[in-house]
Structures are given as structure tokens and as C-alpha cells.
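Asker: After the C-alpha cells below, expect a handful of questions from me.
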Amino acid sequence: MSFSLPETFSKLPRYPLLYPSPSPIHPLPVLTRNLNRNLNAAPAVSLFAKREDHSSPLACAGNKYRKLEYIVPDILANSNLHVLGARSEAKATTTLVTEGAIQSNHTVQVASVARRLGVEAIVILHKATGGGLAASSDKNAFLRTGNVQIARLLGAEVRMLDDSSTVDDGDPITPILEELRAQGKVPYWIPSGASLHPLGGLGYARCAFEIAAQEKEQLGENSRFDYIFVACGSGSTVGGLIAGFKLLQKIEAQTQQDGNAERVISRKVIGILNSPTKPREYHEGRVLSFARRAAHLIGLDPERDVTPEDVHLDDRFAGTAYGALDPTSKEILALIAQEEGVIVDPVYTVKVMRGVMHWVQEGELTRDWSRRLGTSPSQNRVNALFIHTGGQSALSAYADIE
Ligand SMILES: *Cc1c(COP(=O)(O)O)cnc(C)c1O
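Under the numbering used here, the first residue of the sequence shown is numbered 2, with each subsequent residue one higher.
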């Protein structure tokens, strides 16, 4: 399967980290059957999963590799174009530096990319970020197993900090970069989740085109993934998807003006928040800015083509704390494992699935669909796509799951 990107987008440099074929999309037949059971109202909702956890041969495949594909060319050029002591003279990067919570998936993916590029990685893990460590009944294990173990296996230098300050507020990072420079090294800083990086949204803008191509192949010409549910953590996954689908929508609208195709309702991207720390409005602002930044780079008019109305975030499933696995989420993790044979992760995708199940079971999705469709309910099936962004490698740190 191949797909093409519009010219401006296709010219942006990308370093392949994913498999050459798209990550698979498959139906979730048991969940689809069970969730529709109590829904008397048509249309039925069909659930599918896009397996970003099967996107790359690199360690613990997940959504960060897609973002990093567009960042690696900048690492190799070492323009360090975003923050923290950008250097004018071009010297080859020696060390990737990044940060996250203790069981961060992002830092493992950066560590693995460092191996691929033949450079070092320093991974800064914040003990106070989120509630995973605090809620753990075996703190010693939480600090050593799961993603921490894997980062070390990948040869990353793991540094744990007690406070939770990030570059956003206090700044423990600059001294580390200065220390490296004093040793003659050339560090390259990748912010948490790569979202604040100016190129961080491009990977998922491209993913929108990949999904549209798979949709055509798997659902046929006249159906689409009407709803796309994805985790919203640092925000550039959902932001990138919004930008990519807006560009697609613009292209599709032009094709329609040229004659054929009937009017189709645009796909709706819904970001499920997994942390109650900051209010939804904070995330909406960030996601909008990431979507606009990507939109600008791929050839859209960021202000006109991407608006606050394109950003849909749901904060009802964030639970008690980032990284804390509450009893309901535990049940859902087991339910999906036992119904579909699919393992979701304890931090992000379990909360997304909780959201998806709620939207379907409570009839919210079909009501929203009817509202959007207006007076012509011609479609008797709605397709919803759950993006599985990976993260199962954190599970062993949550060993008290039974
Ligand atoms: C990082 C991550 C996310 C969130 O992606 P953002 O772009 O930070 O919003 C979702 N799922 C998993 C498994 C992740 O590791």
C-alpha cells in the first residue's frame, strides 16, 4: 500500500524509523459486538485498532518513533533549532538528552534511536511526575523494571531527579547540557514527548494520510473512520493528527468541487486526557498550537485552516493521577486482554479504551454522529478507530496488577 503526500509536505526531510509498510489496522470484533449489545439505537458502531505498537522494529514500538522520524534529520544537521543554547557552528551531535516520568515510553524510544544513530543517550526521569511511583506498592521495583530496565539495556545513562521541574517551569536541564558541552560533547535536547519540538507534530500529520489510505483499502471508497480516539499526553500526537486530517479534508473538498464524490462528513479526532494535573483548557491551547505549527509546515494556513473547533479533548477518564492505575482502569485492561487478546498500556491507552467504551456504551458517539449528520441519516454504521500508541513495556513496573 502506498500513499502520496502533497508536495510541500513530501519535501520535509524524514529519516525512516518505522517499517516501510503502515502499522496494521484491524477490527475489534468482540468489543464491537459486546458494546453494541445494549444500544437499541442505530447506527451500530464498529471498532478498529491502529497498532502503533507494531510500527517499528526498534525497542518498544510506540508513537514517539513516528515523531522522531522528522526530528532525526535535525539531529543529524545539529541545528538544534528550538531551544537551549542553539549553536551556530555545525558539530555532529554526540548525545541525545531527554526527559520524562519514571516509566516514560518516550525516553526508551529516544534511547533506542540514539543506538540506531550511534550516539549516546542521557535520560532524565522525574520521580515526582505523576502518581505512578507514589501509588506503587513496590517502589523499588517501579524504579528498576519496565521502561527503566529497557532504557538501561539500550545503554542509556539514566538519571533520576526527585523534583518534577521541567523546562517549562524550573530548569534542571540546562546544567546537564552545560556539563556535557564542558566535556566537549554536543548534546541535542528533545523535550518531553517531543511535543514542544517544532517538528514534533509532523509524524502524526503524515499518519493521517496513512490512515486515509488504509481506510480506502479496508473500508472501501464510501466509508471512513468517522471517529479517531487517541491519547493526549504532551499533545503533539493528537495535534499532528488534527493538522494532517485538515489537510486531507482540504484536498478532498477540492476534489469534490471538481465534480464527482458526494459530500462526506469529516473525521473527528478525539483526544483522551490521561492526567488531571492541568485543566482541559491548558491542553486545548497546547494541542491547538501544535496542530497549527504542523499545519504551517505542511502547507496549510495555520490560523484559518486550524481552529479551536477542531480540537476535541475529553478529560473524564484521566483518573486520579498520571501514571496511576486505578481499579476501573485495571478492570478494563483485563477485559480487553480477555475479550480481544490485546494488551493495552497502564498509563495512556487503557484510559483511551475507557473513553471509547464509554462513548459507545452510553450512546454518546451515535448521538454526536446524528447531530453532525443532520437530517440525512444515510449511514447505518459508524466506524471508530482506537490508536494503540504502545507503552506495554511499562506493565512489569505495575506488577501488583493481578
Ligand atoms: C507518549 C505517549 C502517548 C501520548 O502522546 P503525546 O503525543 O505525548 O500526547 C500516548 N501513548 C503512549 C503509549 C505514549 O507513550
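Don't be surprised by glycine CBs; every beta carbon is placed ideally from N, CA and C.
On a predicted model such as this, the values are computed, not experimentally measured, just so you know.
(1) Quick check on DSSP: helix, strand or coil for M161?
(2) When the distance is taken between beta carbons, is G245 closer than 8 Å to R207?
(3) Can you find the residues in the same chain that come closer than 8 Å, C-beta to C-beta, to H27, ignoring five residues on each side of it along the sequence?
(4) Just to confirm, is the Cβ distance from L181 to Y71 under 8 Å?
(5) Are the Cβ atoms of R160 and I123 separated by less than 8 Å?
(6) Reducing DSSP to helix, strand and coil, say where S397 ends up.
(7) Per DSSP, what kind of secondary structure is N384 in: helix, strand or coil?
(8) Between T9 and ligand 1, is there a pair consisting of the residue's CB and a ligand heavy atom that are separated by less than 7 Å?
(9) For a quick check, are the C-beta atoms of L59 and S113 less than 8 Å apart?
(10) Quick check on I299: buried or exposed, where buried means 16 or more other Cβ atoms within 10 Å of its Cβ?
(11) Report the three-state DSSP secondary structure of C61 (helix, strand or coil).
(12) For M358, which option in A325, L19, L29 and S11 has the closest C-alpha, if you only look at C-alpha atoms?
(13) On the DSSP bridge assignment, give the partners of A102 in chain order.
(14) Taking DSSP as the reference, what is the three-state secondary structure of T146?
(15) What is the DSSP secondary structure of K12, counted as helix, strand or coil?
(16) I need the boundaries of the alpha helix (DSSP H) containing A136, first residue and last residue.
(17) According to DSSP, simplified to helix, strand and coil, what is K251?
(18) Within the present structure, is the beta-carbon of A232 separated from the nearest heavy atom of ligand 1 by less than 7 Å?
(19) Measure from the alpha carbon of S1 to the alpha carbon of each residue in I125, E218 and Y66, then state which is nearest.
(20) Could you pull the DSSP bridge partners for H198 from this structure?
(21) Strictly by DSSP, which residues pair up with L314?
(22) From what residue to what residue does the alpha helix (DSSP H) around F210 run?
(23) Between G392 and ligand 1, is there a pair consisting of the residue's CB and a ligand heavy atom that are separated by less than 7 Å?
(24) Taking 8 Å as the threshold, find out whether the segment 384–395 comes into contact with the segment 338–357 through three or more Cβ pairs.
(25) Between the C-alpha atoms of V168 and P192, what's the straight-line distance to the nearest angstrom?
(26) Between which two residues does the beta strand (DSSP E) harbouring K186 extend?
(27) Locate the alpha helix (DSSP H) running through P28, then write down its first and last residues.
(28) Would you list, in sequence order, the uninterrupted alpha helix (DSSP H) runs of no fewer than 4 residues that lie entirely inside the segment 282–362?
Answerer: In this structure, then:
(1) Position 160 of the sequence shown, counted from the first residue, corresponds to residue 161. If DSSP states are grouped into helix, strand and coil, M161 belongs with the strands.
(2) Counting from one through the sequence shown, the residue named residue 207 turns up at place 206. Counting from one through the sequence shown, the residue named residue 245 turns up at place 244. Yes; because the gap between Cβ atoms is below 8 Å, this pair is in contact.
(3) Translated into the one-based positions of the sequence shown, residue 27 becomes position 26. Once the five neighbours on either side are set aside, the close Cβ partners of H27 are F49, A50 and R52.
(4) Counting from one through the sequence shown, the residue named residue 181 turns up at place 180. Counting from one through the sequence shown, the residue named residue 71 turns up at place 70. Cβ atoms of L181 and Y71: not closer than 8 Å.
(5) By 1-based counting over the sequence shown, the position of residue 160 is 159. By 1-based counting over the sequence shown, the position of residue 123 is 122. In this structure, I123 lies closer than 8 Å to R160 by Cβ.
(6) The sequence position of residue 397 within the sequence shown is 396, counting from 1. Note: S397 maps to helix in three-state DSSP.
(7) Taking the sequence shown and counting its residues from 1, one reaches residue 384 at position 383. N384: strand per DSSP, three-state reduction.
(8) Taking the first residue of the sequence shown as 1, we reach residue 9 at position 8. Flag unset: Cβ of T9 not near ligand 1.
(9) Here the question's residue 59 lines up with position 58 in the sequence shown. Here the question's residue 113 lines up with position 112 in the sequence shown. A contact, by the Cβ cut-off of 8 Å.
(10) As a working mapping, residue 299 is identified with position 298 in the sequence shown. By the neighbour-count rule (16 or more Cβ atoms within 10 Å), I299 is buried.
(11) One-based indexing of the sequence shown puts residue 61 at position 60. Coil, per DSSP.
(12) Translated into the one-based positions of the sequence shown, residue 358 becomes position 357. Closest option to M358, Cα to Cα, is L29.
(13) Position 101 of the sequence shown, counted from the start, is the residue given in the question as residue 102. Looking at the DSSP assignment, A102 forms a beta bridge with H127.
(14) Start at 1 with the first residue of the sequence shown, and residue 146 comes out as number 145. Three-state DSSP puts T146 in coil, outside helix and strand.
(15) Here residue 12 refers to the residue found at position 11 when the sequence shown is read from its first residue. Looking at K12 - three-state DSSP - the assignment turns out to be coil, as it is neither helix nor strand.
(16) In the sequence shown, residue 136 corresponds to position 135, counting from 1. It spans G133 to A136 - the alpha helix (DSSP H) in which A136 sits, taken as one unbroken run.
(17) As a working mapping, residue 251 is identified with position 250 in the sequence shown. Residue state, collapsed to three classes: helix.
(18) Translated into positions along the sequence shown, residue 232 becomes position 231. True, at least one ligand heavy atom lies under 7 Å from that Cβ.
(19) The chain is shown from 2 up to 403; residue 1 falls before or after that span and cannot be answered.
(20) Counting from 1 along the sequence shown, the entry for residue 198 is found at position 197. According to DSSP, which records beta bridges pairwise, H198 is partnered with nothing at all.
(21) Here residue 314 refers to the residue found at position 313 when the sequence shown is read from its first residue. Beta-bridge pairing links L314 to G272.
(22) Taking the first residue of the sequence shown as position 1, residue 210 is located at position 209. L203 to L220 is the extent of the alpha helix (DSSP H) around F210.
(23) Reading the sequence shown from its first residue, position 391 is the one you call residue 392. For ligand 1, at least one heavy atom lies less than 7 Å from the Cβ of G392.
(24) yes
(25) By one-based count along the sequence shown, residue 168 stands at place 167. By one-based count along the sequence shown, residue 192 stands at place 191. For V168, the predicted model reports a pLDDT of 49, less than 50, meaning its position is unreliable and no value from the coordinates is stated.
(26) If you number the sequence shown from 1, residue 186 lands on position 185. First-last for K186: undefined, no H or E at that position.
(27) Locating residue 28 in the sequence shown gives position 27, where the first residue counts as 1. Here P28 belongs to no alpha helix (DSSP H); instead the beta strand (DSSP E) covers I26 to P28.
(28) 303–306, 328–341 and 350–362
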